[in-house]
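S.K.:
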Amino acid sequence: KESSGSKDEL
Amino acid sequence: MNVFRLCGDMSHVFSIVVLLLRLRVAKNASGISLRTHELFLLVFLTRYTDLFTTYYSLYNSCMKIAYILSTASIVYMIRLSDPICTTYDKAQDTFRHWAFAVGPCAVLATLTHFISGEGSGYSLFVNIQELLWTFSIYLESIAILPQLILLQRYREVENLTGNYIFFMGSYRALYILNWIYRTYYEPGYRHHYVAYFCGVLQTLLYADFFYYYMQSKRRGGRFSLPT
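Chain order of the listed sequences is A and B. Letter by letter, the first sequence follows residues 1 to 10 in our numbering. Letter by letter, the second sequence follows residues 1 to 227 in our numbering.
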C-alpha cells in the first residue's frame with residue numbers, strides 16, 4: 001500500500 | 001512510527017504540558033504570547049480536518065484531539081480565565097499576525113496548491129482539505145514568531161517559558177530526522193516537499209533561541225537574551 005508520507009503525521 | 005517521530009511528538013506534548021502547568025501554577029501569563037497560541041489553534045483546526053475523513057491509528061486521532069483541546073484551553077485561559085487574563089500583557093504582544101502570518105500563508109498555500117496541481121481530479125471537498133493542510137504547514141512554521149518577538153522585549157526569560165520554547169523547537173527538528181529515516185526505510189514513502197521546506201524553516205527560526213538557551217543551561221544561571 002502506498003504511504004501517505006508526512007500527511008499521516010501530526 | 002519510528003523513534004524520531006515518537007520523540008518529536010513527545011517533545012511537542014511536553015512543551016504544551018509545561019506551558020499549561022506554568023499558566024495554572026503561576027496563574028500568570030506574562031511573557032506568553034496569546035497570538036502565537038491562537039495561530040497554533042488555527043494550525044491544528046485547519047490541519048486535522050482529516051479527523052473526520054481518514055483514520056490512521058488510535059494514537060494519531062487521540063493526539064490530534066489532544067493538541068486541539070490543549071491549545072484551545074491555553075487560549076481560553078489567557079483570554080478569559082481570571083486572574084490569568086489580567087496578567088496578559090496585550091500591549092507587548094504586538095506582532096501583526098493577520099497581516100504578516102495568516103494572510104501571506106493563505107496566499108502561499110493557494111499558489112502552491114494550484115501550481116503543484118495537487119488535488120486536480122479530486123472533489124471540491126478534498127481540494128479544500130488539501131488547501132487547508134498546506135496552509136497549516138506554512139502557518140505552523142512561523143506561528144512562534146509573536147512569542148519570539150515578545151521574548152526579545154522582555155529579555156529575561158523565565159525558566160518554564162524557556163523550556164516550553166525549547167521543546168516546541170526540538171519537536172520539528174526531530175521530525176526532520178524522522179523524514180530522513182522514512183525516506184530510507186519506508187518503501188513507497190510519499191514526499192511532501194512543502195512540509196520539508198517549512199520544517200527546516202521552522203527549526204531555523206529557533207536556532208538563535210537554542211543557542212542562548214544552551215549557553216544559559218551550561219552556565220546554570222539565569223536566561224536572558226542579548227539586546
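The beta-carbon is built from N, C-alpha and C at its ideal position, and this holds for glycine as well.
1) Considering just the uninterrupted stretch of the alpha helix (DSSP H) at residue 15 of chain B, what are its terminal residues?
2) How long is the line joining the alpha carbons of residue 59 of chain B and residue 227 of chain B, rounded to whole angstroms?
3) Opposite residue 224 of chain B in the DSSP bridges: which residues?
4) Using a Cβ cut-off of 9 Å, pull out every chain A residue sitting near residue 5 of chain B, in sequence order please.
5) Under the three-state reduction of DSSP, which class applies to residue 112 of chain B: helix, strand or coil?
6) Along chain A, in chain order, which residues have C-beta atoms closer than 8 Å to that of residue 179 of chain B?
7) Could you compute how far the alpha carbon of residue 30 of chain B sits from the alpha carbon of residue 22 of chain B?
8) With a CB to CB cut of under 7 Å and the five nearest residues on each side skipped, what residues in its chain are close to residue 269 of chain B?
9) If you draw a straight line from the alpha carbon of residue 26 of chain B to that of residue 124 of chain B, how long is it in whole angstroms?
10) Are residue 153 of chain B and residue 92 of chain B closer than 8 Å when you measure CB to CB?
11) Would residue 194 of chain B and residue 110 of chain B be called neighbours here (beta carbons separated by less than 8 Å)?
12) Please state whether DSSP places residue 78 of chain B in a helix, a strand or coil.
13) Let's test the definition: count the other Cβ atoms within 10 Å of the Cβ of residue 198 of chain B and tell me whether it reaches 16, buried, or not, exposed.
14) Any C-beta of chain A within less than 9 Å: which residues of the stretch 66-88 of chain B qualify?
M.R.: In brief:
1) Translated into the one-based positions of the second sequence, residue 15 of chain B becomes position 15. Here the alpha helix (DSSP H) through residue 15 of chain B covers 3-26.
2) Residue 59 of chain B sits at position 59 when you count from the first residue of the second sequence. Residue 227 of chain B sits at position 227 when you count from the first residue of the second sequence. Between residue 59 of chain B and residue 227 of chain B, the C-alpha separation is close to 43 Å.
3) Here residue 224 of chain B is taken as the residue at index 224 of the second sequence, counted from 1. Residue pairing for residue 224 of chain B: DSSP places it in a beta bridge opposite B/156.
4) Here residue 5 of chain B corresponds to residue number 5 of the second sequence, with the count starting at 1. By Cβ distance, chain A contributes 9, 10.
5) Residue numbering aside, residue 112 of chain B sits at position 112 when the second sequence is read from its first letter. Helix.
6) Along the second sequence, read from residue 1 onward, the residue named residue 179 of chain B stands at position 179. Those within 8 Å of residue 179 of chain B in chain A are 6.
7) One-based indexing of the second sequence puts residue 30 of chain B at position 30. One-based indexing of the second sequence puts residue 22 of chain B at position 22. Cα to Cα, the separation comes out at about 10 Å.
8) For chain B, the structure presents residues 1 to 227; residue 269 of chain B sits outside this window and is missing.
9) In the second sequence, counting from the first residue as 1, residue 26 of chain B sits at position 26. In the second sequence, counting from the first residue as 1, residue 124 of chain B sits at position 124. If you take the alpha carbons of residue 26 of chain B and residue 124 of chain B, they lie about 47 Å apart.
10) Here residue 153 of chain B refers to the residue found at position 153 when the second sequence is read from its first residue. Here residue 92 of chain B refers to the residue found at position 92 when the second sequence is read from its first residue. Result yes, Cβ atoms of residue 153 of chain B and residue 92 of chain B sit closer than 8 Å.
11) Locating residue 194 of chain B in the second sequence gives position 194, counting from the first residue. Locating residue 110 of chain B in the second sequence gives position 110, counting from the first residue. Contact flag unset, no.
12) The residue labelled residue 78 of chain B in the question sits at position 78 within the second sequence. Of the three classes helix, strand and coil, the one that applies to residue 78 of chain B here is helix, per DSSP.
13) The residue labelled residue 198 of chain B in the question sits at position 198 within the second sequence. Classification of residue 198 of chain B: buried, given that the 10 Å Cβ count is 16 or more.
14) Of all residues in the stretch 66-88 of chain B, 67 have a Cβ within less than 9 Å of some Cβ in chain A.
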